[in-house]
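Q:
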Amino acid sequence: MTRITRRRALAAGASTLLLPQVLRAEGTWPSGPVTLIVGYAAGGGADINARELAQIMSPLVGQQMIVDNKGGAAGSLGVRVVASAKPDGQTLFYAVGTNVIINPHIQKGMLDTMAAL
């Protein structure tokens, strides 16, 4: 069992003083409109839920949330769009269990969702 010595406690306390500096060093997010990719066609259950989520998130993040439907291949097309997007945090993916859990197992040779994202 590791004992907490006075020296370790002071080091941990001192390191917490640096935390606000580290957080301030990061840029503000989001820097522009955020695109929420939905892997299913417009009008379906996933699309409706994603649009409700976008309405709730938009005032919270202070930017417009754009819902973009990329239906086809049981949601795998949407995953491909997000995986190939610039990794700046401006593109999010609205995932359904099929995209993450089932598709990689039944569509051999297709994009592995967990590895891609």
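The number in the working numbering is simply the position in the sequence shown, starting from 1, with 8 added.
Idealized CB from N, CA, C, for every residue including glycine.
So the alpha helix (DSSP H) residue 61 belongs to, where does it begin and stop?
A: Start and end: 53-69.
Q: Where does residue 44 sit, in a helix, a strand or coil, going by DSSP?
A: Looking at residue 44 - three-state DSSP - the assignment turns out to be strand.
Q: Under a Cβ-count criterion, where at least 16 other Cβ atoms within 10 Å of its own Cβ denotes burial, should residue 57 be classed as buried or exposed?
A: So residue 57 ends up on the exposed side.
Q: Per DSSP, what are the beta-bridge partners of residue 114 in this structure?
A: For residue 114, which the question treats as bridged, DSSP gives no partner whatsoever.
Q: From the DSSP output, read off the bridge partner residues of residue 8.
A: The requested residue 8 is not part of the displayed model; the chain covers only 9 to 125.
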